[in-house]
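Everything on this sheet refers to the single structure shown next.
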Ligand code: SF4
Ligand code: SF4
């Protein structure tokens, strides 16, 4: 697909107030105005108007952006920074100004074919199951090797026959291929809370990977997901990954006019409205520190993770310091810009070295943020032992639960 360069007036509603500078991780790291939202918008605007030459210097500042969208939340003029950034990044890749490495291009092709990707990631699931994660991003967990979330959900639905709200569940590409124990836990929590779970077989990757890298292919994936989800008679489509939920929500919202819009909800927000079953835990010194993914609070614009959901984990919890700030993950930013990502994470994770609690649990709701947080220990930024968990795992009843409030 040939990317279209934005028209000059596309950037015009930035009033240059500078409110976004204080929240921008790359501006905070560098102190460089060009490395801020306002600076990038100015560069793109000047380039588009033909007043600034397109060169490596301007490309550098586009590539530096994490894509955390904190500037959108801070902006009083409602500049659609994320959309502008995505469009610019795609135009840079399509026109050859930016060259994603071969590994990322291969990964983009792989995630678009879930069956192949699941097969290709079998060794990663195997090593995680053995407790041998060989990479700093692979946090602890015991995923099923062969059983898919769809077949597991079907089995549990037949066994428990919940009667409450009906939802479709996005299982995701990397989540299903490498971290599917989180999907299994999500299915158990939903069914325990009397939610009927449907997993459409035709679903595919949400396209966030392509959007993060600027590589072609997101549109076809989005269209496939519209076909998979929009024909279903469900109360909501749920995602347990805030980045995937944000991407899917935007693609379903762009359905053909006249077609009903199915709301895409984060699973924890959905459970918050239901009031989930609480896990009872013996008194312990465990402490849960909660981090809020950027694509939850700045992308989906959710207020956070509901307090009744965090209370239901049964743990003594508190928000991590600067919980709304980026951890440096940025989808694949920690692969493309490892030094920046590490510097951002170093600042954000330093508190864990002094954190109270035994064990210390860092809980969040996006698997790529979990990978980034886990790397803080594996890369030596945090010396104190801590576990990285998805909040849904802390609500997990395990096997052998009963459905509550069943009609
Ligand atoms: S998306 Fe994040 S890193 Fe990029 S300009 Fe906005 S605040 Fe800065
Ligand atoms: S906060 Fe919004 S209007 Fe103000 S400088 Fe940043 S992008 Fe422009």
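Numbering (our numbering), first residue to last: 2 to 408. Beta carbons are placed, not taken as given, at the ideal position from N, Cα and C, and that holds for glycine. Note that this is a predicted model, so its numbers are computed, not measured.
In the DSSP assignment, what residue or residues form a beta bridge with residue i?
i	result
residue 361	288
residue 266	239
residue 197	167
residue 172	Paired residues: none, contrary to the question.
residue 320	291
Quick check: does the Cβ of residue i come within less than 7 Å of any heavy atom belonging to ligand 1?
i	result
residue 68	yes
residue 71	yes
residue 327	yes
residue 339	no
residue 294	no
residue 26	yes
By how many angstroms is the C-alpha of residue j removed from the C-alpha of residue i?
i	j	result
residue 114	residue 121	11 Å
residue 4	residue 91	With a pLDDT of only 44 at residue 4, under 50, the local geometry of the prediction cannot be trusted, and the value read off the model is given with reservation. Cα to Cα, the separation comes out at about 7 Å.
residue 123	residue 142	14 Å
residue 1	residue 339	For residue 1 there is no data in the structure shown, the boundaries of the chain being 2 and 408.
residue 387	residue 375	9 Å
residue 301	residue 70	10 Å
residue 2	residue 93	At residue 2, the pLDDT of 38 sits below 50, so the modelled position is not reliable; the number obtained from the coordinates is stated separately. Their backbone Cα atoms lie some 13 Å apart in a straight line.
residue 409	residue 237	Since the first residue shown for the chain is 2 and the last is 408, residue 409 is missing from the structure and cannot be characterised.
residue 443	residue 180	Nothing about residue 443 can be read from this structure; the chain reaches only from 2 to 408.
residue 394	residue 186	6 Å
residue 78	residue 15	7 Å
residue 336	residue 105	9 Å
residue 127	residue 39	45 Å
residue 82	residue 66	11 Å
residue 263	residue 402	30 Å
residue 268	residue 201	17 Å
residue 341	residue 323	18 Å
residue 239	residue 273	13 Å
residue 102	residue 214	10 Å
residue 22	residue 161	51 Å
residue 319	residue 52	49 Å
residue 169	residue 54	48 Å
residue 253	residue 382	39 Å
residue 28	residue 72	11 Å
residue 60	residue 17	21 Å
residue 283	residue 184	26 Å
residue 311	residue 85	34 Å
residue 277	residue 328	28 Å
Taking the beta strand (DSSP E) that residue i belongs to, which residues open and close that run?
i	result
residue 237	237 to 240
residue 203	Per DSSP, residue 203 belongs to no beta strand (DSSP E) and is neither H nor E.
residue 150	Counting along the chain, residue 150 falls outside any beta strand (DSSP E), though it belongs to the alpha helix (DSSP H) covering 150 to 161.
residue 390	388 to 391
Between residue i and ligand 2, is the CB less than 7 Å from at least one heavy atom?
i	result
residue 299	no
residue 85	no
residue 39	yes
residue 81	no
residue 17	yes
residue 128	no
residue 209	no
residue 170	no
residue 307	no
residue 253	no
residue 245	no
residue 102	no
residue 380	no
residue 76	yes
residue 61	no
residue 42	yes
residue 230	no
Should residue i be listed as close to ligand 4, given that the test is whether its C-beta is under 7 Å from any heavy atom?
i	result
residue 23	Although ligand 4 was asked about, the structure shown includes only ligand 1 and ligand 2 as ligands.
Between which two residues does the alpha helix (DSSP H) holding residue i run?
i	result
residue 213	209 to 214
residue 314	It is not in any alpha helix (DSSP H) - residue 314 carries neither H nor E in the DSSP assignment.
residue 375	368 to 379
residue 118	115 to 121
residue 306	Per DSSP, residue 306 belongs to no alpha helix (DSSP H) and is neither H nor E.
residue 339	339 to 350
residue 110	103 to 112
residue 229	219 to 230
So that I know if they touch, is there some Cβ in chain D lying closer than 8 Å to that of residue i?
i	result
residue 86	Protein chain content of the structure displayed is limited to a single chain, and chain D is not contained in it.
(message) Extract the residue ranges of the alpha helix (DSSP H) inside the stretch 15 to 98, only unbroken runs of 4 or more that lie entirely within it.
(response) 26 to 31, 38 to 49, 57 to 65, 71 to 75, 82 to 95
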